[in-house]
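Since the structure comes first, as structure tokens, the remarks are kept for the end.
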Amino acid sequence: MKRGFIIIFIFSALIGLCFLEEMYLRQNLSNLYNKSEELLILIEKEENVNTEPIKSNIEEIYKFWEKSEEFLSYIVNPINIEEAGEQISKMRTLSLLNKKEELIVELNLLIYFSKTYQHLIIPNFQNIL
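Mapping of the sequence shown onto the numbering used here: position 19 corresponds to residue 20, and the numbering continues sequentially without gaps.
Below, the structure written as structure tokens:
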């Protein structure tokens with residue numbers, strides 16, 4: 002009886018942990034999506050993408066993702082979240098080079114990633130155990 006209770010407790014704790022990880026993942030991807038949408042609106046209004054408001058927004062996204070990616074790599078397969086970091090790094094460079102069209106393409110890829118990957122990225126059970 003006591004073993005059964007302990008097994009049920011551990012199993013319930015693991016399910017709860019998976020649920021919290023899923024919520025954290027969805028929240029971070031949703032925040033990334035919202036920040037990317039705001040940046041896209043700002044870029045479409047500007048003639049040059051080498052302006053301070055655009056560069057500061059890209060840096061904000063970069064810092065947000067750098068902080069999030071560090072923790073997310075513990076709970077999901079790092080290969081799944083690597084793509085977003087690559088897109089953000091490319092966006093930083095393209096902004097400095099003032100390549101608006103290419104920056105919009107990379108930003109749209111980041112928006113696609115943050116919107117669709119909420120359903121594809123799942124917690125890595127090896128990391129939970």
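Heads up, the beta-carbon is just placed ideally off N, CA and C, and yes, glycines get one too.
Quick one: residues in its chain with C-beta nearer than 8 Å to the C-beta of residue i, no 5 flanking neighbours on either side, listed in chain order?
i, result
"GLU70", "ILE82, ALA85, GLY86"
How about residue i and residue j: do their beta carbons lie closer than 7 Å?
i, j, result
"ILE59", "SER31", "no"
"GLN88", "LEU110", "yes"
"TYR34", "LYS100", "no"
"LEU21", "LEU108", "no"
"ILE55", "LYS36", "no"
Measure the alpha-carbon distance for residue i versus residue j and round it to whole angstroms.
i, j, result
"ASN51", "GLU39", "16 Å"
"LEU1", "TRP66", "What is shown of the chain runs 2 to 130, which leaves residue 1 out entirely."
"GLY17", "ARG27", "15 Å"
"PRO79", "MET24", "17 Å"
"TYR113", "LYS91", "15 Å"
"LEU98", "LEU104", "10 Å"
"TYR75", "GLU47", "38 Å"
For residue i, report the span of its alpha helix (DSSP H) as first-last.
i, result
"GLU22", "3 to 46"
"LYS100", "First-last for LYS100: undefined, no H or E at that position."
"ASN58", "53 to 76"
Who are the near neighbours of residue i in its chain, counting only those whose CB is closer than 7 Å to its CB and skipping five residues on each side?
i, result
"ASN49", "ASN99"
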